[in-house]
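Structure first, commentary second.
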Amino acid sequence: MQSKSVYKIPNGKLLKIFLDYDSDKNLINKISITGDFFAYPEESIDVIEKKLKDTFLTKENLLEKINSVVKKYNIEFIGIDAESLVEGILRCL
Amino acid sequence: MKEKWRLLKTENNSAFTNMAMDKAVLVASSKGLVPPTVRFYTWSPPAISIGYFQSLNDEVDVDACKNLGVQYVRRITGGGAVFHEKELTYSIVIPESNPKVPKNVLESYRRICGAIIKGLKHLWIESKYVPINDIVVNNKKISGSAQTRKLKTVLQHGTVLIDVDVDKMFSLLKVPNEKIKDKLISDVKQRVTSIKHVSGNDVSFNEVADAMKNGFEEEFKIELVDGSLSKEEINLTKKFEKECFSTSEWNFKR
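Protein chains in written order, with my numbering: chain A, 201 to 293; chain B, 16 to 269.
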């Protein structure tokens, strides 16, 4: 199933998530994280997108995966954070 | 003695050339081949640039752009979609190790925007920085910026609006809800301004560039020396333009 969310992050930027997911298994097939936010290094968002493939669409699972990439790549977010990414993804459901 | 930085003025380049040039200067700087560089530039034809993370099809009416002869390009920096027509665009490229630019990203935005604010003062315009990346005059946006850090080098580029045509801008950008488009346009007209609107005068690119040159020199306590692109930068610009910025693969990657 394909879905999109538009989420204005409080005190942050506009996050738009494009989600392709398996609604029976509650798994992500493909995700595109877009918006007018900043992330350093930029390529880390591509890594998050890849890591989220086949992830269960629960708050805990999403947050754990995203935080693991944030830690590994020492990502600095501006106008967005891990929690708001999770919120944006869950709003697609 | 004041540190000498290079000043480039490159008017009327395509969107692809402009974005390739910023990246070429970044790469040359990272190799220690060129001094810290400030560039002032314009776009011909007019163009929309979108942030690195934005979806081109979701933000931009590509058909409208084609009909009006407006180019579109994805930047290597984050941030939002910008319509570049009547403006001075600036970029600054400087090693992260240079103490004149704070290590902290937000502090460095403030510092670089300080140069633009000082530049606007030379045009008798009082403005202030609004985090994350805006400069406002009487609460209306006159300048927006975006920064990336790659190869241990800072690149920040941004706009200084000389004049603005909000109606034209919205004929090129997609809005989330067509029904509220008129309201959105009137809201943006309330929130955006330009040098022409504030000063009531037609101000040329060169006048704005002179003012901004003074602004950068004062903020960073440096001397900006007129220069040109090195041979390596010219070659890199051509390479990045051809292999990246002019390609659908890059521009439609999200």
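Even for Gly, the Cβ is constructed at its ideal location relative to N, Cα and C.
Predicted model only: the values in this text are computed from it and were never measured.
Quiz prompt | Contacts that A:A239 makes with chain B (C-beta to C-beta distance below 9 Å) | solution = On the first sequence, position 39 is the one that residue 239 of chain A refers to. Y67, F68, G93, listed in chain order.
Self-check item: B:E222, enclosing alpha helix (DSSP H) - first and last residue
Solution: In the second sequence, residue 222 of chain B corresponds to position 207, counting from 1. Where B:E222 is concerned, the enclosing alpha helix (DSSP H) stretches over 220–235.
Quiz item: How long is the line joining the alpha carbons of B:V53 and A:D222, rounded to whole angstroms?
Solution: Here residue 53 of chain B refers to the residue found at position 38 of the second sequence. Here residue 222 of chain A refers to the residue found at position 22 of the first sequence. About 49 Å.
Quiz item: In chain A, which residues lie less than 7 Å from B:I147 when you measure between Cβ atoms?
Solution: Translated into positions along the second sequence, residue 147 of chain B becomes position 132. Simply I278, G279.
Practice problem: At 9 Å on the CB atoms, spell out the chain A contacts of B:E125, in chain order. | Solution: One-based indexing of the second sequence puts residue 125 of chain B at position 110. Correcting the residue identity first, residue 125 of chain B is Arg in this sequence and not Glu. Within 9 Å Cβ-Cβ: nothing; B:R125 doesn't reach chain A, min ~13 Å.
Practice problem: Using the DSSP secondary-structure output, state which residues sit across from B:G173 in a beta bridge. | Solution: The residue given as residue 173 of chain B occupies position 158 in the second sequence. DSSP, once it has assigned bridges, lists B:Y105, B:S160 as partnering B:G173.
Quiz prompt | chain B within 8 Å of A:K216, Cβ atoms only | solution = Here residue 216 of chain A corresponds to residue number 16 of the first sequence, with the count starting at 1. It does: the Cβ of A:K216 has a partner Cβ on chain B nearer than 8 Å.
Practice problem: Give every residue of the same chain whose Cβ lies closer than 8 Å to the Cβ of B:Q69, excluding the five residues on either side of it in the sequence, and list them in chain order. | Solution: By 1-based counting over the second sequence, the position of residue 69 of chain B is 54. Answer for B:Q69: R89, G95, A96, R269, listed in chain order.
Exercise. Measure from the C-beta of A:S203 to each C-beta in chain B and report whether the shortest distance is under 8 Å.
Key: Working through the first sequence from its first residue, we reach residue 203 of chain A at position 3. Output row for A:S203: interface = no.
Quiz item: Based on Cα-Cα distance, which residue from A:E242, A:I209, A:D254 lies nearest to A:D220?
Solution: Walking along the first sequence from the start, residue 220 of chain A turns up at place 20. Measuring from the Cα of A:D220, the nearest candidate turns out to be A:D254.
Quiz item: In terms of alpha-carbon separation, which member of B:T104, B:V49, B:I237, B:L199 lies closest to B:S158?
Solution: If you number the second sequence from 1, residue 158 of chain B lands on position 143. With distances taken between Cα atoms, B:S158 lies closest to B:T104.
Quiz prompt | Which of helix, strand or coil DSSP assigns to A:S232 | solution = Working through the first sequence from its first residue, we reach residue 232 of chain A at position 32. Three-state result, A:S232: strand.
Practice problem: Using a Cβ cut-off of 8 Å, pull out every chain B residue sitting near A:I245, in sequence order please. | Solution: For the purposes of this step, residue 245 of chain A is identified with residue 45 of the first sequence, where counting begins at 1. Simply F68.
Practice problem: Return no unless some Cβ of chain B is closer than 8 Å to the Cβ of A:E242. | Solution: As a first step, residue 242 of chain A is located in the first sequence; it is residue number 42 there, counting from the start. With 8 Å as the cut-off, A:E242 counts as an interface residue toward chain B.
Quiz item: Roughly how many angstroms lie between the CA atoms of B:K204 and B:Y144, to the nearest whole one?
Solution: Indexing the second sequence from 1 puts residue 204 of chain B at position 189. Indexing the second sequence from 1 puts residue 144 of chain B at position 129. Straight-line Cα distance between these residues: approximately 20 Å.
Exercise. Following the continuous alpha helix (DSSP H) through A:K259, name the residue where it begins and the one where it ends.
Key: Here the question's residue 259 of chain A lines up with position 59 in the first sequence. That run of the alpha helix (DSSP H) goes 259–273.
Quiz item: When the Cα of A:T234 is compared with those of B:A30, B:L251, B:K115, B:G93, which residue comes out closest?
Solution: In the first sequence, counting from the first residue as 1, residue 234 of chain A sits at position 34. Comparing Cα-Cα distances from A:T234 to each of B:A30, B:L251, B:K115, B:G93, the minimum goes to B:G93.
Exercise. Below 8 Å CB to CB, which residues in the same chain sit around B:W265 once its five sequence neighbours on both sides are set aside?
Key: Along the second sequence, read from residue 1 onward, the residue named residue 265 of chain B stands at position 250. Here the set comprises R89, C259.
Exercise. Measure the C-alpha to C-alpha separation of A:V286 and B:E26 and round it to an integer number of angstroms.
Key: Here residue 286 of chain A is taken as the residue at index 86 of the first sequence, counted from 1. Here residue 26 of chain B is taken as the residue at index 11 of the second sequence, counted from 1. Roughly 43 Å separates the two Cα atoms.
Quiz item: Name the chain A residues that come within less than 8 Å of B:V151, Cβ to Cβ?
Solution: In the second sequence, residue 151 of chain B corresponds to position 136, counting from 1. Those do not exist, as B:V151 stays about 17 Å from chain A at its closest Cβ, beyond 8 Å.
Exercise. Identify the contact partners of B:R164 in chain A, using a Cβ-Cβ distance below 8 Å as the criterion.
Key: Locating residue 164 of chain B in the second sequence gives position 149, where the first residue counts as 1. Y240, P241, listed in chain order.
Practice problem: Please indicate yes or no: does the CB of B:A43 lie closer than 7 Å to some heavy atom of the ligand NAP? | Solution: Among the components modelled here there is no ligand, and therefore nothing to report on the ligand NAP.
Self-check item: Among B:V175, B:I195, B:K236, nearest to B:E222 - alpha-carbon criterion
Solution: Reading the second sequence from its first residue, position 207 is the one you call residue 222 of chain B. Closest by alpha carbon: B:V175.
Quiz prompt | Any C-beta of chain A under 8 Å from that of B:R206 | solution = Sequence index remark: in the second sequence, residue 206 of chain B carries index 191 (1-based). No, its Cβ sits nowhere closer than 8 Å to a Cβ of chain A.
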